[in-house]
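Undergrad:
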Amino acid sequence: MEKQPLLQMDNLQISFFTSAGEVKAVRGVSYSLNEGEALGIVGESGSGKSVSVSALMKLLTNPGKVIGGKIIFDGKDINDLSAKEINKLRGKDISMIFQDPMTSLNPVYTIGNQLNETIKVHFKVSTAEAANRSIKLLGQVGINNPEKRMKQYPHELSGGMRQRVMIAMALSCSPRLLIADEPTTALDVTIQAQILELIKKLQKETGTAILLITHDLGIVTEVCSRVIIMYAGKIMETGSVEDIFYRAAHPYTKGLIACLPKKGGADRSRLNPIEGNPIDLLDLPQGCAFAPRCNDCRRVCLSHEPPHFQIAEGHEAACWLLAEVVS
Numbered sequence: 000m001e002k003q004p005l006l007q008m009d010n011l012q013i014s015f016f017t018s019a020g021e022v023k024a025v026r027g028v029s030y031s032l033n034e035g036e037a038l039g040i041v042g043e044s045g046s047g048k049s050v051s052v053s054a055l056m057k058l059l060t061n062p063g064k065v066i067g068g069k070i071i072f073d074g075k076d077i078n079d080l081s082a083k084e085i086n087k088l089r090g091k092d093i094s095m096i097f098q099d100p101m102t103s104l105n106p107v108y109t110i111g112n113q114l115n116e117t118i119k120v121h122f123k124v125s126t127a128e129a130a131n132r133s134i135k136l137l138g139q140v141g142i143n144n145p146e147k148r149m150k151q152y153p154h155e156l157s158g159g160m161r162q163r164v165m166i167a168m169a170l171s172c173s174p175r176l177l178i179a180d181e182p183t184t185a186l187d188v189t190i191q192a193q194i195l196e197l198i199k200k201l202q203k204e205t206g207t208a209i210l211l212i213t214h215d216l217g218i219v220t221e222v223c224s225r226v227i228i229m230y231a232g233k234i235m236e237t238g239s240v241e242d243i244f245y246r247a248a249h250p251y252t253k254g255l256i257a258c259l260p261k262k263g264g265a266d267r268s269r270l271n272p273i274e275g276n277p278i279d280l281l282d283l284p285q286g287c288a289f290a291p292r293c294n295d296c297r298r299v300c301l302s303h304e305p306p307h308f309q310i311a312e313g314h315e316a317a318c319w320l321l322a323e324v325v326s
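Each residue of the sequence shown is one higher than the one before, starting from 0 at the first, in numbering that gives the first Met the number 0.
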């Protein structure tokens, strides 16, 4: 019997019902994630990557609403779970590292109080046992003098250390799925590299599945084996890291790769941005969402939305340019 994926998104659709109209933030997203796998979701701001994860954690707030599709985690549809059931799932089976640790950590409680509380919510242990586990976790994520840090408040720690505390908190209950939503955005490049190396090391040691959300295509190469490219609430391309970087098929993916800084060469300081602006999700075009910004746009792109064409096993892209190539 074939083993089922740990997580399966099936035609997920999310809209925000505003006074200006319906904003179709996620439009039929489907993907799966296996136990112990690391998957990266990449796209510009407004592509729908973080919104889809909010629905997975059941953190989507009004006026956002899941209007279609399923989110299956370990065989259960997240949308069918009660508030009590989802609270048991959060932190224990599914944990999340948020973008800004300063707004995610409570400023009026010590690091120790916040770590201990997370552990005690999901395990029947004493405060002393929770504290011992917290100290061990802080040491595991590379924080020096963890006993001292337990007594400190978030504002007393650097940005890198606060993010390490968030990682320790996320791992405190040995989750099966760790979601990292732009975990290095507010950090300088040196600390960013350390955090990515830490996530990769812990994933290897614990076997936790990772869902990495980022706008930086370069980051996914450090952690992930598979990549999803999103734009305007849809998946544009999906494949292995090698597929995406060396055999990119969608013009949007190629545009993202062209935006990456070049190493060496005479033009190493020149960046090649994608021209134009992301589309208005209140007024979606009839055809391909990327068509207004695409240099290879054809007439069919303006009138019909492309299906996903399979280029190779595990590698697909939604682009009319592939219609003849793969037929």
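Virtual Cβ for every residue (Gly too), placed ideally from N, Cα, C.
Got a sec, what are the start and stop residues for the alpha helix (DSSP H) Asn327 sits in?
TA: Missing from the structure shown is residue 327; the chain here goes from 0 to 326 and no further.
Undergrad: According to the Cβ coordinates, are Ile13 and Gly63 closer than 8 Å?
TA: Here residue 13 refers to the residue found at position 14 when the sequence shown is read from its first residue. Here residue 63 refers to the residue found at position 64 when the sequence shown is read from its first residue. Taking 8 Å as the Cβ cut-off, Ile13 and Gly63 qualify as a contacting pair.
Undergrad: Does chain C have any CB closer than 8 Å to the CB of Ile166?
TA: Annotation note: the requested chain C is absent from the structure, which comprises a single protein chain.
Undergrad: Identify, in the order they occur along the chain, each residue of the same chain with its Cβ nearer than 6 Å to the Cβ of Ser326, setting aside the five sequence neighbours on each side.
TA: Mapped onto the sequence shown, residue 326 falls at position 327. In this prediction, Ser326 scores a pLDDT of 45, lower than 50, which makes its location untrustworthy; the coordinate-derived value is nonetheless stated afterwards. Cβ neighbours of Ser326 beyond the five flanking positions: none.
Undergrad: Excluding sequence positions up to five away, which residues of its chain have a Cβ less than 7 Å from the Cβ of Tyr251?
TA: Against the sequence shown, residue 251 aligns to sequence position 252. Closer than 7 Å at the Cβ level, and outside the excluded window around Tyr251, lie Ile228, Tyr230, Met235 and Phe289.
Undergrad: Mapping DSSP to helix, strand and coil, what is Cys296?
TA: Position 297 of the sequence shown, counted from the start, is the residue given in the question as residue 296. Note: Cys296 maps to coil in three-state DSSP.
Undergrad: Looking only at its own chain, which residues have a Cβ that is under 8 Å from the Cβ of Leu170, when we skip the five neighbours before and after it?
TA: Here the question's residue 170 lines up with position 171 in the sequence shown. Taken in chain order, the residues that qualify are Ser94, Leu136, Gln139, Val140, Leu177, Leu201, Thr205 and Thr207.
Undergrad: Answer yes if the segment 207 to 226 comes into contact with the segment 32 to 39, meaning at least three C-beta pairs across the two stretches below 8 Å, and no otherwise.
TA: A contact exists between the segment 32 to 39 and the segment 207 to 226.
Undergrad: How about Ala257 and Leu321: do their beta carbons lie closer than 8 Å?
TA: As a working mapping, residue 257 is identified with position 258 in the sequence shown. As a working mapping, residue 321 is identified with position 322 in the sequence shown. No, Cβ-Cβ distance for Ala257 and Leu321 is not below 8 Å.
Undergrad: For the alpha helix (DSSP H) containing Leu6, name the first residue and the last one.
TA: Position 7 of the sequence shown, counting from 1, holds the residue named residue 6. Segment Leu6 to Thr17 is the beta strand (DSSP E) holding Leu6; no alpha helix (DSSP H) there.
Undergrad: Quick one: what does DSSP say Lys135 is sitting in, helix, strand or coil?
TA: Translated into positions along the sequence shown, residue 135 becomes position 136. In this structure, Lys135 counts as helix in the three-state DSSP scheme.
Undergrad: In the structure shown, what three-state DSSP assignment does Tyr251 receive?
TA: Sequence index remark: in the sequence shown, residue 251 carries index 252 (1-based). Helix at Tyr251.
Undergrad: Bridge partners for Val188 per DSSP, in chain order?
TA: In the sequence shown, residue 188 corresponds to position 189, counting from 1. Bridge partners of Val188: none, in fact.
Undergrad: Exposed or buried, which one is Arg148 when buried takes at least 16 other CB atoms within 10 Å?
TA: Reading the sequence shown from its first residue, position 149 is the one you call residue 148. Buried is the call here.
Undergrad: Report yes or no: do the segment 142 to 157 and the segment 58 to 75 share at least 3 C-beta pairs separated by less than 8 Å?
TA: As far as the Cβ criterion goes, the segment 142 to 157 does not touch the segment 58 to 75, which means the pair count is below three.
Undergrad: Please identify the residue among Asp187, Leu11 and Ile212 whose C-alpha is closest to the C-alpha of Ala179.
TA: As a first step, residue 179 must be located in the sequence shown, where it is residue number 180. Checked all of Asp187, Leu11 and Ile212; the closest Cα to Ala179 is Ile212.
Undergrad: Beta carbon of Val164, beta carbon of Ile209: below 8 Å?
TA: Taking the sequence shown and counting its residues from 1, the one referred to as residue 164 is at position 165. Taking the sequence shown and counting its residues from 1, the one referred to as residue 209 is at position 210. Contact flag unset, no.
Undergrad: Within its chain, find whatever has a CB closer than 6 Å to the CB of Ala317; leave out the 5 residues flanking it on each side and keep chain order.
TA: Counting from one through the sequence shown, the residue named residue 317 turns up at place 318. Same-chain partners within the cutoff: Met235, Pro305 and His307.
Undergrad: Taking only three categories from DSSP, how would you classify Val222?
TA: Your numbering for residue 222 matches position 223 in the sequence shown. Three-state result, Val222: helix.
Undergrad: Is the segment 150 to 161 touching the segment 181 to 200, taking contact as three or more C-beta pairs under 8 Å?
TA: Cβ pair count under 8 Å is three or more, so yes.
Undergrad: Buried or exposed: which applies to Glu312, given that a residue is buried once 16 or more other Cβ atoms fall within 10 Å of its Cβ?
TA: Against the sequence shown, residue 312 aligns to sequence position 313. Exposed: under 16 other Cβ atoms inside 10 Å.
Undergrad: Suppose you measure from the CA of Arg292 to the CA of Thr117; what does that come to, to the nearest Å?
TA: Counted from its first residue, the sequence shown places residue 292 at position 293. Counted from its first residue, the sequence shown places residue 117 at position 118. Approximately 45 Å between the Cα atoms of the pair.
Undergrad: Would you identify the three-state DSSP class for Ser326, choosing helix, strand or coil?
TA: Here residue 326 refers to the residue found at position 327 when the sequence shown is read from its first residue. At Ser326 the pLDDT is 45, less than 50, meaning the model places this residue with poor confidence and gives no usable figure here.
Undergrad: Using only the alpha-carbon positions, how far apart do Leu114 and Lys123 sit?
TA: Position 115 of the sequence shown holds residue 114. Position 124 of the sequence shown holds residue 123. Rounded to the nearest angstrom, the two C-alpha atoms are 15 Å apart.
Undergrad: Going by other Cβ atoms of all chains shown within 10 Å of its Cβ, with 16 needed for buried, is Trp319 buried or exposed?
TA: The sequence position of residue 319 within the sequence shown is 320, counting from 1. Classification of Trp319: buried, given that the 10 Å Cβ count is 16 or more.
Undergrad: Which word fits Arg26, buried or exposed, when buried means at least 16 other C-beta atoms lie within 10 angstroms of its C-beta?
TA: As a first step, residue 26 is located in the sequence shown; it is residue number 27 there, counting from the start. Arg26 should be labelled buried.
Undergrad: Thinking C-alpha only, which one of Gln191, Pro284 and Leu255 is nearest Ile273?
TA: What you label residue 273 is simply residue 274 of the sequence shown in a count that begins at 1. It is Leu255.
Undergrad: Are the CB atoms of Leu58 and Ser31 nearer to each other than 8 Å?
TA: Taking the first residue of the sequence shown as 1, we reach residue 58 at position 59. Taking the first residue of the sequence shown as 1, we reach residue 31 at position 32. Taking 8 Å as the Cβ cut-off, Leu58 and Ser31 do not qualify as a contacting pair.
Undergrad: Mind reading off the beta-carbon distance from Ile85 to Asp76? Whole number of angstroms is fine, and I expect it under 8 Å.
TA: Residue numbering aside, residue 85 sits at position 86 when the sequence shown is read from its first letter. Residue numbering aside, residue 76 sits at position 77 when the sequence shown is read from its first letter. Between Asp76 and Ile85 the Cβ distance is about 11 Å, and since that is not below 8 Å, they are no contact.
Undergrad: Along the beta strand (DSSP E) that carries Glu315, what are the first and last residues, could you check?
TA: In the sequence shown, residue 315 corresponds to position 316, counting from 1. Looking at the DSSP string, the run of the beta strand (DSSP E) that includes Glu315 is His314 to Ala316.
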